[in-house]
Amino acid sequence: MACTQEFVDYVVEQIDSAGLIEGKKMFGGYSMYSDGQLFALICDNKLFIKPTESGRVFIKDVVEAPAFKGAKLSFLIEDKLKDREWLSELVRITRNELHT
Numbered sequence: 124m125a126c127t128q129e130f131v132d133y134v135v136e137q138i139d140s141a142g143l144i145e146g147k148k149m150f151g152g153y154s155m156y157s158d159g160q161l162f163a164l165i166c167d168n169k170l171f172i173k174p175t176e177s178g179r180v181f182i183k184d185v186v187e188a189p190a191f192k193g194a195k196l197s198f199l200i201e202d203k204l205k206d207r208e209w210l211s212e213l214v215r216i217t218r219n220e221l222h223t
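This is how it looks when you write it as structure tokens:
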């Protein structure tokens, strides 16, 4: 479940237009927050976004996986990590739906 600081920093840079982004260490991984709303986990240098209906519609071809053994399924984001605009929009969509 360990993560490198470089990967966490990269993810934060990719989504810096999606609000105030914070990562908090937890058990070898990170909990990710946008404007105070938990929206994702980073585990084993992989990004897992909390599932929402709006996120599912936005992603279209969803890949789901648990962030760690025993965890609920999340959206595993791998192929789109380099697309800053797409990733930031997914974070905004997720945060907004979770906030309601």
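Here our numbering = 1-based position in the sequence shown + 123.
Even glycine gets a Cβ: it sits at the ideal position worked out from N, Cα and C.
Looking at the DSSP output, proline 174 sits in no beta bridge, so it has no partner there. Comparing alpha-carbon positions, the option among Tyr133, Ser154 and Thr127 lying closest to lysine 205 turns out to be Tyr133. A buried status is given to valine 214, since no fewer than 16 other beta-carbon atoms sit within 10 Å of its beta-carbon. For leucine 196, the CB contacts under 8 Å within the same chain, skipping 5 residues up- and downstream, are Pro174, Glu187, Ala188 and Pro189 in chain order. Taking 8 Å as the upper bound for CB-CB distance, valine 131 and isoleucine 182 are not in contact here, some 22 Å apart.
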